[in-house]
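The sequence shown maps to residues 51 to 198 in this note's numbering.
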Amino acid sequence: MVDHARARKLAKRISQIVAEALEHEVKDPRLSMVTITDTRVTGDLREATVYYTVMGASLDEAPDTAGAAVALDSATGVLRSRVGQQTGIRHTPGLAFVLDQVPDEARRMEELLARTRASDAEVARLAASASPAGDADPYRAPRDSESE
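Next comes the structure, spelled out in structure tokens:
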């Protein structure tokens, strides 16, 4: 029987352990800008997927996602043993690291929303100075009694 609450608790604990280990124990410089965003554990507690993002050192610099992926792959054994020591469960879940796409998608959505706001403002500006093509109100004309 699957205990989803236990899987969520274990996922949260794995996130904390991996983040602390990356910050204090793993001395790879490629992992200095890696942030753990989420962890998902299967219902049988055998596999854990750890989602991460890589921040650039500056706003102009692109993050080194390929280097971080290689460094995380090489550090998986150390991180898995650390998870096993600190969780105390019978079977330590296998760790798989996946680059989190949420920050990139959020940035793309923000850019789309900014372009939409700019085009809406342009339409509103054009509409404010626009005048009707024909009469100001063509539906309010008095009716001719002769045409009826």
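We treat Cβ as the ideally placed atom computed from N, Cα and C, and that holds for glycine. Predicted model only: the values in this text are computed from it and were never measured.
Between the beta-carbon of residue 121 and that of residue 104 there is about 10 angstroms, and that puts the pair past the 8 angstroms contact cut. Residue 115 sits in a helix when the DSSP states are folded into three classes. Contiguous beta strand (DSSP E) elements confined to the region 73 to 152 occur at 84 to 91, 97 to 104 and 144 to 149, taking only those with 3 or more residues. By the neighbour-count criterion, in which a residue is buried when 16 or more other Cβ atoms sit within 10 angstroms of its Cβ, residue 84 is buried. Residue 133 is positioned such that its CB atom lies no closer than 8 angstroms to that of residue 76. Under the three-state reduction of DSSP, residue 65 is assigned to helix.
By the criterion of a C-beta distance shorter than 8 angstroms, residue 89 is surrounded in its chain by 61, 62, 64, 65, 68, 98, 99, 100 and 101, once the five residues flanking it on both sides are discounted.
When the five nearest sequence neighbours on each side are left out, the beta carbons in the same chain lying within less than 6 angstroms of the beta carbon of residue 148 are those of 99 and 101, in order along the chain. Going by C-alpha positions, residue 189 is about 21 angstroms away from residue 177. In terms of CA proximity to residue 140, 94 leads the group 94, 146 and 159.
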